[in-house]
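Worksheet: one structure, shown below.
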Amino acid sequence: LQEGGQRLSRLTIIEGWTRWDIAALLVRIPELKLQSTDEALALMDDTSLIRDIDPDAKNLEGYLFPDTYSFPPEATPKLVIETMVRRFRQVWGELSEKNPATANRPVRHVVTIASLVETEAKLPEERPLVASVIYNRLRLDIPLGVDSTVIYASKLAGKWKNNGKVYQSDIERDSPYNTRRVRGLPPGPISSPGAHSLEAALNPAETDYLYYVRDPSRNDGAHNFYNNESDFQRGVQLLRDWERSRNANTSAATPTPSEGTFTQAEPSPSP
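Residues in the sequence shown are numbered consecutively from 1, following our numbering.
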């Protein structure tokens, strides 16, 4: 997507985007005549479209389905947002037919887990594995420690620096979304999950994994998964050694931000 090149005739919402990302896209589309991202975000606070499936929702985060849409030139911002929600409901309905057990699970619970999977899993085949880690840690009442929730908490507080680095001040932020500090799931979704992440949240792999760390031997975002602390720590050390070696061979020797969940990578110092 190119800055200033958005058109209603082909509007693409990317998996893992937040409502802030979507608002920033919509405000750049001339036909919608939005004056600011705040105006777009205000429309996303209308939860009447999902009240029957998520009565506790405070906004439409997680329910603006990622897809490519085509709208007529006269489409309004409200119509665009309503269409994304209708698409979510369509996909959710299809998944529910395939997974009858969804009737016994709160939609918000599943969508929240799917939103974590979407932000953490870089490879399609890893989505069920990441979901299994989340469920296993929830079952054992272990804090999730998902860095993407730390970032989301900082965005909510208006403190996210948007430079790819997680600072100590982010990790220590007092927020129900900060799963480094609180146990259980965050209060709601943190991104727009696609169908594959929703499927993974409904059907996680059966594993005993509790951790995962980015695999330094691959450049495709793959992770190594672990079921015990000692192996996990060895994986963390391998990643840090690789990062230090890489940074030593670059002109900008700044630490690489943590990628993936449960790496417990050293945060950047607060500026």
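Yeah, the Cβ is synthetic: ideal placement off N, Cα and C, and Gly gets one too.
Just so you know, these numbers come straight off a predicted model, no measurement behind them.
Open item on the list: On the criterion of 16 or more Cβ atoms from any shown chain inside 10 Å, does aspartate 241 qualify as buried, or is it exposed?
Closed with: Indexing the sequence shown from 1 puts residue 241 at position 241. Exposed, by the Cβ-count rule.
TODO: Closer than 8 Å by C-beta to alanine 200: which residues in its own chain qualify, once you throw out the five before and the five after it? Chain order, please.
DONE: Counting from one through the sequence shown, the residue named residue 200 turns up at place 200. In chain order, Ala114, Val117, Ala121, Arg127, Pro128, Val130 and Ala131 place their CB closer than 8 Å to the CB of alanine 200, counting only its own chain and leaving out the 5 sequence neighbours on each side.
Open item on the list: Please state the DSSP three-state secondary structure of threonine 12.
Closed with: As a working note, residue 12 is residue 12 in the sequence shown. If DSSP states are grouped into helix, strand and coil, threonine 12 belongs with the strands.
- [ ] Count the C-beta pairs between the region 40–47 and the region 94–113 that are closer than 8 Å, then say yes if the count reaches three, no if not.
- [x] With the cut-off at 8 Å, the region 40–47 and the region 94–113 do not touch.
- [ ] Given a cut-off of 8 Å, decide if isoleucine 29 and arginine 7 are closer than it, judged by their beta-carbon atoms.
- [x] Counting from 1 along the sequence shown, the entry for residue 7 is found at position 7. Counting from 1 along the sequence shown, the entry for residue 29 is found at position 29. Less than 8 Å separates the beta-carbon of arginine 7 from that of isoleucine 29.
Open item on the list: Alpha carbons only, please: which of Leu60, Tyr211 and Pro77 is nearest the one belonging to phenylalanine 88?
Closed with: Stepping through the sequence shown from its first residue, residue 88 is reached at position 88. Just measuring C-alpha positions, the residue of Leu60, Tyr211 and Pro77 sitting nearest phenylalanine 88 is Leu60.
Task: Chain-order list of residues whose beta-carbon lies under 7 Å from that of lysine 78 (same chain, five-residue window excluded) - done: Your numbering for residue 78 matches position 78 in the sequence shown. Within the same chain, lysine 78 has close Cβ partners Leu43.
Task: Under the three-state DSSP convention, the category phenylalanine 225 falls into - done: On the sequence shown, residue 225 is found 225 positions in, with the first residue counted as 1. Here phenylalanine 225 carries a strand assignment [DSSP, helix/strand/coil].
Open item on the list: Give me the DSSP bridge partner(s) of arginine 7.
Closed with: Here residue 7 is taken as the residue at index 7 of the sequence shown, counted from 1. DSSP lists Arg10 as partners of arginine 7.
- [ ] Return the CA-CA distance between glycine 93 and leucine 198, expressed in angstroms with no decimal places.
- [x] Here residue 93 refers to the residue found at position 93 of the sequence shown. Here residue 198 refers to the residue found at position 198 of the sequence shown. Each residue's alpha carbon lies about 12 Å from the other.
- [ ] Can you tell me which of the three DSSP states proline 86 falls into?
- [x] Taking the sequence shown and counting its residues from 1, one reaches residue 86 at position 86. Going by the sequence as given, residue 86 is arginine instead of proline. Looking at arginine 86 - three-state DSSP - the assignment turns out to be helix.
Task: Residue environment, arginine 180, which counts as buried when at least 16 other CB atoms sit within 10 Å - done: Taking the first residue of the sequence shown as position 1, residue 180 is located at position 180. So arginine 180 counts as buried.
Task: Contact under 8 Å by Cβ, serine 191 with threonine 119 - done: Counting from one through the sequence shown, the residue named residue 191 turns up at place 191. Counting from one through the sequence shown, the residue named residue 119 turns up at place 119. Less than 8 Å divides the Cβ of serine 191 from the Cβ of threonine 119.
- [ ] Return the first residue and the last residue of the alpha helix (DSSP H) that tyrosine 152 is part of.
- [x] For the purposes of this step, residue 152 is taken as residue 152 along the sequence shown, with counting starting at 1. It spans 147–156 - the alpha helix (DSSP H) in which tyrosine 152 sits, taken as one unbroken run.
Open item on the list: Which of the three DSSP states is assigned to arginine 137 in this structure?
Closed with: In the sequence shown, the residue the question calls residue 137 occupies position 137. Helix, per DSSP.
Open item on the list: Between which two residues does the beta strand (DSSP E) holding arginine 19 run?
Closed with: Locating residue 19 in the sequence shown gives position 19, where the first residue counts as 1. Following the DSSP letters along the chain, one finds arginine 19 in no beta strand (DSSP E) but inside the alpha helix (DSSP H) bounded by residues 19–26.
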